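Residue numbers (UniProt numbering), protein chains in the order written: chain A, 1 to 256; chain B, 1 to 256; chain C, 1 to 256; chain D, 1 to 256; chain E, 1 to 256; chain F, 1 to 256.
As structure tokens, then:
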């Protein structure tokens, strides 16, 4: 699943123009719609080293920027992943940036405006990002339940690219690339995904991603009964509510 | 109670197919339905070393991944249990993964997708999991009172296997395997369990698990009056509410 | 008050059968009903060293399991009380276990199922409990105001023994054993206790324990006017509400 | 204000009987009613060294029991005030014990029952209190707004002594002992205090203590206009509400 | 603005009598009414070194009392500002004492009663305050929104002095002392302040302080158009609400 | 975008008069209205070194004032950015000061009144700011959802300058200065911005800033279809709500 991205709506153009104009980019879209995939493919295309940071509320700015480590009698500075990305001019990918702590987000501000620099408090050192450095962040606006939001002063630093799931033909082709199922099975899985995604009334927190289809396809190709593969690979994954699971299983039964 | 698992619904097949397709597996089900048991039996069957981590909100990622320890004048890195599991290609079992802290869950993300790798921040080292490595997590969807939930981006990484209690014949046989009570007593205990599980109106947070039946059987075989054994091994364990306890004791009185 | 336990409802049998079947035991009951007393008496009877841990939300797992201490240039591991109990095969008493932090409770899980082992993260060492080791916990279900509860996955590990106050004859005898008051005074104190315990409408958070009767008896034997002894040893101890205190004092006045 | 206590209701007898019967004592009463005064006077009378600990939510058990301090290359254990009190057989006074953290309160449990011992976790050492050691705690039940409460398992360890303000004659005499005002002025101040204390409708969080009368008396004797002294020493101290202050000032104007 | 205080209501007498009677003093009043000014002037008058501590919820007692610092191989004790004040017999000013943490407030208790001593836990040392030492605290009762309150046991240690803004003549004279504006401009500024303070319906959190008038006067004297100076020095400072700002600007327009 | 500021309402005059009268200045206005720009331009004009601190709730006062670092066997003091600004007489810019922690804000108090000094607790050193030092803070009153507010005692230290967006002619000129788009495109972008800003009913948390226009202009000049550039550079950046995005895109479609 690692080095292919099926373009939907000029994603590659937007990404490249941001890169060449030194503008940071925000990817917005649901879980598993291909955000990480796009970043990985673009890193290869632009010949950039990719450094990925999964943001969360327990990560401190020291985790990202670096810290002094005591080794024997010496004190050694160790760059964190963000600092390494800036020094080496890499592609820095901040996954789910809205979940990061405030001090982390704020430390990234001078890196994402015209200054393009990172200030390391502990070393009292400012690092200028080389021309090749690019900062990409991702954000999932679909969580309904009042999750943390980005502040406007952070949001407005990024060009914003909305991403969504593939259409069924593209998704079917992607399943074929990534697994060894028959084209008929791939098509049935992609169609099933479309049906599930349309059924907003299922009240799912998030709907089926391509990843689930690929996992299910692998189990089917390995010999598992297709319905059971759909149950454990899709239905039981998406919900814990017996009624929703029942409805999803009915859809799966109709598909296979 | 340690090396036997009575299959209900293809649990072993699902587990094995996940293992051979390198897919992580999530076990969903109530306390004491046999999740840990399945994992232990599969570790033996697949000839894997089992490393179990009980997740909770007080465990930091350093506890799981490793830390530097100061020993005399030296600083020594000590792998945590997750790191040891990855390095050695073991079966890693994350019990009650929904209770883990965010940074712990996020650190497991690259381990549970196609990358199958673990990044050790402090060492700036990425460990590639060997083919034999498998990650299994457990989750109890039955807690009603708004306990922590898994984020979709975590959930959708796992194939999902729902588990439930044994039927009374299988449960009776299991009691016989694990204790020395008579087959009559075993059957009575299994029947009692079925009755309690059906009585949803008892408003129990969780219902009787096989473990309680085994404990009670041991006390009976040791000579304790059966009703008293049922009181201290089942009724008083399941509730603190005098009325519920009274109703459970009535059921026990009817059984013995 | 230290080496006598007056049995009410087979407490000693249940305790012993748990001990010989290697089952952990949970004592449930109100403050001062004799839980600690039972444990102490059983430790002597079973010839076990008793290690008592008072659980509370500020105790970390390091406090219980052990930690590295820096002494001069050396780093020395120091076992905590739980680790010492396991290594030496002692009777471990976890008082008010429901108040412990999650990581503490979870660390005790492998110690309280068939594994009977303790894993020391920092040492990467697993200690197998010897046959003589027993784990007993206590829990007070009577706190009404939504205090912390035990999770089912913890609760169901223990055989559960409900305890209550002594009847007035037994309580009177106990007072005589522990103080030097006259048998008449002892009987009056025990009767007073029965009356207070029956008066549920007093809305007391907890009712009078034997400990209060013993304290009061000591003050009376030392020459304090009996009513005053009852006021400072019982009435003022049980409540801060002037009306409740007034009612309790009236009861005391009627008794002496 | 330091070495005189005017007995109201057998306080000295209760204190002494607790001391000689090795029972811990809880003093209950409003701010400034003489709790600290009683303890200090009894320490002198019983010829005990007094160690006072002001409990609050920011004090850790290490602050009270002791800790290792690093001094140059050495690590030295330093006893905290509670440990020093136990080792030396002093009178330990825990002021406002209800505000202490849970781990602090729990560490005191074995010190306040028949065991009379203190366990020092870090040293793995148990100290037996000598016969002269006594533990006294104070507690203010008058705070209305849901302040922290003591758990029954803590409360029931102590004999409980309720204290209140002096009557006006005793209070007037006390003012004379502690300041140089005329007996007429002392009487007027004591009378004023009685009036304020009776006016429950003033909705004061706490009412006037003897300390305020003494401060006011000092200002008067130093030459301040009596009404102004009452304003700054009593009225403005008791409230921030302009209407209540106005009413208090009216009372003061009537008195002088 | 530093060495002049315009007395309103015997502030200097109250301060001095407290000083000579060794009574701690609490200054109560709104922001900018001259509390700090009074303290500074009294320090000069009484020839005391002034040590000011701005209390806030992030200050620990170690910040105030002192701590061990590791310098090279040595451990050195460094007194905090409160300890230095006590040792040297200075005037200690605790600004906004209601915002201090509980452990800080409690550490000050023995310093503010007849004991006049400070206990340094870490050094196990008690420092007796010399006769010249005085403790003054400030407190702003005007914050409406449920800010932290002082506990009665803290409040009742202090004599309490209420302060308010100057009348317009005194305020006009003060502006003349501190800036170089004309007496006409000074009077207009003072009158403007009176008007704003009377308009309670403006719903301002706090009203205009002398400091704002002085800042505005400086801008006017430097050549700024008076209305603009009033806008940036007063109106925009007092509120963010467009309607309130509009009303304040109208008042300013009427004044100049 | 770095060395040009287009004056709207005497911003430069107010800034300079504050500088020469040694008054601290607060800039109030929405995200991207030019606050940082003004500060940077004034630093150049006044020939001051600019030190910018982005305030947030995770920054401690040690981060800003300085700390001891252990390097090998030595302990070295390292000034934080605020201390460096004071020592060197720089222009200190505290961005979003309302988000700073209380201890940080309080440490700045003596720096922002007539004292103009900074106290370093750890060094027990007071630094007097040289004449060239100026403190500027920014604050965004537009966040509606109850974000933290500044306390009056902090607010009233600063002269207050309200800033808003440029009018469309000035904004169009600014776009031309900072990008290479045609003057026609610049005008269309500025007009679009005015339209969006007027539409209060869009319910945007913050409206479009000049930064977004500049980013969009860069993408257009690089060859991106103007509507797409507007979508990714403006519409998708400002909102996650599909209806609002749709309305913004309609406006963009009308513009190009």
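Where is the CB? At the ideal position from N, CA and C, for every residue including glycine. This one's a predicted model, so the numbers in the text were calculated from it and none came from an experiment.
The Cβ of residue 13/A sits no closer than 8 Å to any Cβ of chain B.
Sequence-distant partners of residue 96/F (beyond 5 residues in either direction) whose C-beta falls short of 8 Å from its own C-beta, in its chain, are 54, 55, 56, 138, 139 and 140. The alpha helix (DSSP H) runs of length 4 or more contained entirely in the region 192-250 of chain D are, from start to end of the chain, 210-221 and 226-230. What residue 182/C touches in chain D, judged by beta-carbon distance under 7 Å, is nothing: the nearest beta carbon there is about 17 Å away. Proximity of chain D to residue 70/C at the Cβ level (cut-off 7 Å) is accounted for by 75, in chain order. In the same chain as residue 199/C, and ignoring 5 residues on each side of it, no C-beta atom comes closer than 6 Å to its own. At least 8 Å separates the beta-carbon of residue 98/A from that of residue 61/A. When DSSP states are grouped into helix, strand and coil, residue 174/E belongs to the helix group. For the UniProt domain "CbbQ/NirQ/NorQ C-terminal" (171-253) of chain D, residues whose beta-carbon sits nearer than 7 Å to a beta-carbon of chain E comprise 205, 206, 209, 211, 212, 215, 218, 219, 222, 224, 228, 232, 233, 236, 237 and 240.
Counting C-beta atoms within 10 angstroms of its own C-beta, residue 74/A has fewer than 16 neighbours from the protein chains shown and is therefore classed as exposed. Proximity of chain C to residue 54/B at the Cβ level (cut-off 7 Å) is accounted for by 106 and 109, in chain order. Taking a Cβ-Cβ threshold of 7 Å, none of the residues of chain F is close to residue 83/E; the smallest such distance is about 11 Å. Under DSSP, residue 33/C takes part in no beta bridge, so it has no partner.
For residue 118/D, the pairing in a beta bridge is given by DSSP as 127/D. Scanning chain A for C-beta atoms nearer than 7 Å to the C-beta of residue 57/F yields 102, reported in chain order. Nearest Cα to residue 79/F within the set 65/F, 90/F, 89/F and 70/F: 65/F. Note: residue 78/E is bridge-paired with 67/E in the DSSP secondary-structure output. Counting C-beta pairs closer than 8 Å gives fewer than three between the region 36-50 of chain E and the region 179-196 of chain E, which falls short of the contact rule. Remark: C-beta atoms of residue 122/E and residue 59/E do not approach each other more closely than 8 Å. In the same chain as residue 52/C, and ignoring 5 residues on each side of it, the C-beta atoms closer than 7 Å to its own belong to 93 and 95, in chain order. By the criterion of at least three beta-carbon pairs nearer than 8 Å, the region 80-87 of chain D is not in contact with the region 28-41 of chain D. Counting only residues of its own chain and dropping the five nearest sequence neighbours on each side, residue 18/B has a CB closer than 6 Å to the CB of 25 and 159. Remark: C-beta atoms of residue 219/D and residue 234/D do not approach each other more closely than 8 Å. It is roughly 29 Å from the alpha-carbon of residue 103/D to the alpha-carbon of residue 206/D.
According to DSSP, residue 93/C shares a beta bridge with 52/C and 136/C. Using beta-carbon distances, residue 78/B counts as an interface residue toward chain C, with a partner under 8 Å. For the C-beta of residue 10/C, the chain B residues within less than 8 Å are, from N- to C-terminus, 228.
Between residue 135/D and residue 154/D a beta carbon distance of about 12 Å is seen, past the 8 Å cut, so the two are scored as non-contacting. Listed along the chain, the chain D residues whose CB falls inside 9 Å of the CB of residue 32/C are 152, 153 and 156.
Judged by pairs of C-beta atoms under 8 Å, the region 180-190 of chain C does not touch the region 170-183 of chain B, as fewer than three such pairs exist.
Around the Cβ of residue 242/F, a 10 Å sphere holds fewer than 16 other Cβ atoms; the residue is exposed. The residue from 119/A, 118/A, 109/A and 128/A with its alpha-carbon nearest to that of residue 152/A is 109/A. Here the alpha carbons of residue 178/D and residue 225/D stand approximately 20 Å from one another.
Less than 8 Å separates the beta-carbon of residue 27/A from that of residue 161/A.
Out of 12/E, 246/E, 256/E and 167/E, the CA that lies nearest to the CA of residue 43/E is found in 12/E.
As computed with DSSP, residue 188/D is found in no beta bridge at all.
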